[in-house]
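Chains A and B supply the protein sequences, listed in that same order. My numbering runs 1350 ahead of the 1-based position in the first sequence. My numbering runs 1350 ahead of the 1-based position in the second sequence. Below: the structure, in structure tokens.
There are 2 protein chains.
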Amino acid sequence: MIYLEVIHLKHVLGLRCIFCGQELAAKPGLYTCPACGRKDGILDVVYDYSVINRLISREQLAHNKDNSIFRYLPLLPIKPDTPRPHLRVGWSPLYRPSGLGRLMGMDKLYVKDDGQNPTASLKDRASIIAVIKAKEENATTIACSSTGNAASSLAGSAAAMGMQTFIFVPSRAPQGKVAQLLIFGANVISVQGSYEDAFALSAEAIDKWGWYNRNAAINPYLVEGKKTVALEIAEQLDWQVPDWVVVSVGDGCTIAGVWKGFQDLYRLGWIDRVPKIAGVQSTGCSPLVDAWRENRPWQPAAENTIADSIAVGVPRNPEKALMAVRDSHGTMLAVSDEAILAAMRELGASSGIFGEPAGVTGLAGLKLLIEQGVISQNETVVAIVTGNGLKDVKNAIEAVGEPLKVVPSMAELITKLQAGNLV
Amino acid sequence: MIYLEVIHLKHVLGLRCIFCGQELAAKPGLYTCPACGRKDGILDVVYDYSVINRLISREQLAHNKDNSIFRYLPLLPIKPDTPRPHLRVGWSPLYRPSGLGRLMGMDKLYVKDDGQNPTASLKDRASIIAVIKAKEENATTIACSSTGNAASSLAGSAAAMGMQTFIFVPSRAPQGKVAQLLIFGANVISVQGSYEDAFALSAEAIDKWGWYNRNAAINPYLVEGKKTVALEIAEQLDWQVPDWVVVSVGDGCTIAGVWKGFQDLYRLGWIDRVPKIAGVQSTGCSPLVDAWRENRPWQPAAENTIADSIAVGVPRNPEKALMAVRDSHGTMLAVSDEAILAAMRELGASSGIFGEPAGVTGLAGLKLLIEQGVISQNETVVAIVTGNGLKDVKNAIEAVGEPLKVVPSMAELITKLQAGNLV
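Below is the structure:
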């Protein structure tokens, strides 16, 4: 076992506050900075990259047949011998869909389909780490609030591990995501209010009953799970870093994870530059885009978008998100719900990939960035599809309408197909 | 390129009628046996195993990083240089879920989660082959009838390949599956009638307009795609063949594919025995189980089950299905819809795997076979989960009920959790 050396997490130096720079020992339950008192997702895991470089290399990875995030075990803040859920999380396909490329006028367009994770969203990358960290801290019950995907992924990983969960979802969570939760045996609390209400109630409940806290923006380890999407993109592109990575933004944890992954690789010396990161929100809920564009602190926003996974009026990880865009020399923008529905149709019909609304928001943003000349059609771009459209069939139907209905008769079929110029 | 040798399909000797044994050259559009005139899915692809054994070995596979069905290219009836859709089909995870094992009193219980395919069902294995064969035959339009999964998988693979599709679904097809079809840009014809009606209308339309026929039971190449699930099970178990493989049965093509895969491996000399195959239907629609139990020809049955993917009253591949059970010394049985819903709950809560009703029907059957003493708890068993529960959220909700609803108030939360003995 080459990993024995890191049983005591020798590769993790500790946590660092992204505001005041204070370095802290990584202790269970330490989620806020005692030095500056900030609470909004501000601790970062600090690694000893020289230790990691002794444990893993690009060459070793080339022969690693573990097609999950655990191929990057020495880059994760977990003990190598902690029991892990059996679910195959990560190593999602990176496609180069030629049909979509033609549609966008791009030759080097890639789509990372994270809807192919066990519970059908990128959030599985964070949740499996949450469950493992909870196990390391001897917790038996985990809780979180979520617009849906974080919840269903936590419930899935916890079920696979035999742990109990309490999940707080806003009343608008799509049926598919709620069904997943219940099937995974979670205690599901549908909070009759906004995501903000669900988040606040979960925080109080976690305090009261001492459950393990999987709220992604608070728990510093979850970004570490999410960063694996960037590690995979780099490896799947044979360590040729793309010019841009575009991704949707809600709380801000996913974009922060993408950035952390590329930073890790750069510091390890495995890549020689980092990509620019484009963060995309819906115009119906764009507190971070507004803050970015107007170069001011973010302010709470309404949650008026079909893209439920990123309908986050009070983002919980704003600073790391804005840092990812700023430090990568990237950009942010908002797209309309109509553009999101159009992206669902275009991605599906040109590539056979079914993304949920928030899942294709990055792609909708890419289209606009190309129109605006911010991204050139010659550049290498990876659009991350963060979740599967099966989670939100209602909005998919909205995007595409209804099928052609016929009685079982050739005469009627011929008439209707001819009327639609289909034959 | 080690595959150049088979460009002219030197590894395929031809087709053989499973009834009369007639051997036929594999020609485009040849789906029926001219010798005996039978039409119901009776042609089998015949390989030259000595050629295949020169092209691929267990040892080569151990170093093959292609995590899709195309790792078995020399075992597939396609030209190696035919363009292929980019979708990552196959190499789905084979889990050994300890929680489910404990629940079933089994130590060597494996679950093959084929809901992890691109369009979330095992059918992707067949559809991607259909699209490739259509390309080889210079077809530009493909058609099929389906209870849902074959349709959405065909639409996905065809979209990825830039081909047009006409899809006939019965009116009862779940919304999730129809949404997938429309997103993938298929021309969807919702036939207001049974699966049998949809099948008959599609057959007439295919005849009239000359579309490529993906109807699985007719097209002899599709079972060849489905067989890859067996190849993967064997490889993932390090070529230790399980005692049993349990799988749900509708048309009969999937169970036929499972059997064909193990037969191929046995004939290649890669495994030294074959597993017993257990085929499971719902008591609400069990024409093949009834035929098997009463040792008589099958008769059309009603389609009264929530397991829509196997609600097939007139099975289209009955003979290959019954042969799989008979020749493997396996068994068949039917389970109630209640048992299917229970299996959904148990699999989800113990393992974090969300199967659709037909997807978990094999597992429900396994439970009964253990109760009946047909399968022993000590045996090694693989249950194939054929599709993801997100495709049919309505029935999932039926299985699990509704979440706990609370207003955003700790007082109400405490009261309700205490009332449920949850804290």
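Using N, Cα and C, we set each Cβ at its ideal position, and we do this for glycine too.
Taking C-beta separations shorter than 7 Å and ignoring five residues to either side along the sequence, the partners of residue 1664 (chain A) in its chain run 1546 and 1650, following chain order. Between residue 1606 (chain B) and residue 1573 (chain B), the C-beta gap is smaller than 8 Å, which places the two residues in contact.
In this structure, DSSP gives residue 1366 (chain A) an extended state, which the three-state scheme calls strand. Check the Cα spacing between residue 1720 (chain B) and each of B:1681, B:1757, B:1755 and B:1754: the tightest is with B:1681.
Proximity of residue 1659 (chain A) to chain B, defined by a Cβ-Cβ separation below 8 Å, is not satisfied. By the criterion of a C-beta distance shorter than 8 Å, residue 1770 (chain B) is surrounded in its chain by 1754, once the five residues flanking it on both sides are discounted. CA-CA distance, residue 1444 (chain B) to residue 1673 (chain B), rounds to 26 Å.
At a cut-off of 8 Å between C-beta atoms, residue 1652 (chain A) does not count as an interface residue with respect to chain B. The alpha helix (DSSP H) runs lying completely inside the stretch 1484-1531 of chain A and spanning 4 residues or more are 1499-1511, given in chain order. The straight-line gap separating the alpha-carbon atoms of residue 1472 (chain B) and residue 1378 (chain A) is approximately 42 Å. DSSP assignment within the stretch 1355-1443 of chain A yields the following whole alpha helix (DSSP H) runs of 4 residues or more, N-terminal first: 1399-1405 and 1408-1412. By DSSP's assignment, residue 1755 (chain B) forms a beta bridge with A:1540.
Per the coordinates, the alpha-carbon of residue 1437 (chain B) lies some 30 Å from the alpha-carbon of residue 1366 (chain B).
As the crow flies, the alpha-carbon of residue 1635 (chain B) is around 48 Å from that of residue 1486 (chain A).
Collapsing the DSSP output to three states places residue 1563 (chain A) in a strand.
With a minimum length of 4 residues, the unbroken runs of alpha helix (DSSP H) contained wholly in the stretch 1593-1664 of chain A fall at 1603-1618 and 1637-1644.
Residues 1482, 1485 and 1486 of the same chain have their beta carbon placed closer than 8 Å to that of residue 1432 (chain B), with the five preceding and five following residues left out of the count. Taking 8 Å as the threshold, the shortest C-beta distance from residue 1401 (chain B) to chain A does not fall below it. By the neighbour-count criterion, in which 16 or more other beta carbons inside 10 Å mark a residue as buried, residue 1712 (chain A) falls on the buried side. Across the stretch 1522-1537 of chain B, CB contacts with chain A closer than 8 Å involve 1525, 1526, 1528, 1529, 1530, 1531, 1532, 1533, 1534, 1535 and 1537, in sequence order along the chain.
Taking the C-beta atoms as reference points, residue 1509 (chain B) is found nearer than 8 Å to residue 1700 (chain A).
Residues of the stretch 1476-1501 of chain A with a Cβ closer than 9 Å to any Cβ of chain B: none.
With respect to residue 1660 (chain B), residue 1632 (chain B) sits close: the two C-beta atoms are nearer than 8 Å. A contact between stretches requires three or more CB pairs, one per stretch, nearer than 8 Å, and the stretch 1729-1744 of chain B meets this requirement with the stretch 1578-1596 of chain B.
Contacts with chain A at 8 Å (Cβ-Cβ) include residue 1757 (chain B). DSSP places residue 1686 (chain A) in the coil class of the three-state scheme, outside both helix and strand. Note: residue 1460 (chain B) is bridge-paired with B:1732 in the DSSP secondary-structure output. In the same chain as residue 1369 (chain A), and ignoring 5 residues on each side of it, the C-beta atoms closer than 6 Å to its own belong to 1386, 1388 and 1392, in chain order.
In terms of Cα proximity to residue 1703 (chain B), the closest of A:1528, A:1459 and A:1533 is A:1533. Within the stretch 1570-1603 of chain A, no residue has its Cβ closer than 8 Å to any Cβ of chain B. If you check the CB distance, residue 1611 (chain A) and residue 1667 (chain A) do not come in under 8 Å.
Put simply, the CB of residue 1436 (chain A) is near chain B, with a gap under 8 Å to one of its CB atoms. Using a Cβ-Cβ cut-off of 8 Å, residue 1369 (chain B) does not count as an interface residue toward chain A, since no Cβ of chain A sits closer than that to its own. In this structure, residue 1435 (chain B) places its C-beta atom within 8 Å of the C-beta atom of residue 1478 (chain B). Remark: C-beta atoms of residue 1537 (chain B) and residue 1772 (chain A) approach each other more closely than 8 Å. In the DSSP secondary-structure assignment, residue 1471 (chain B) is bridged to B:1737.
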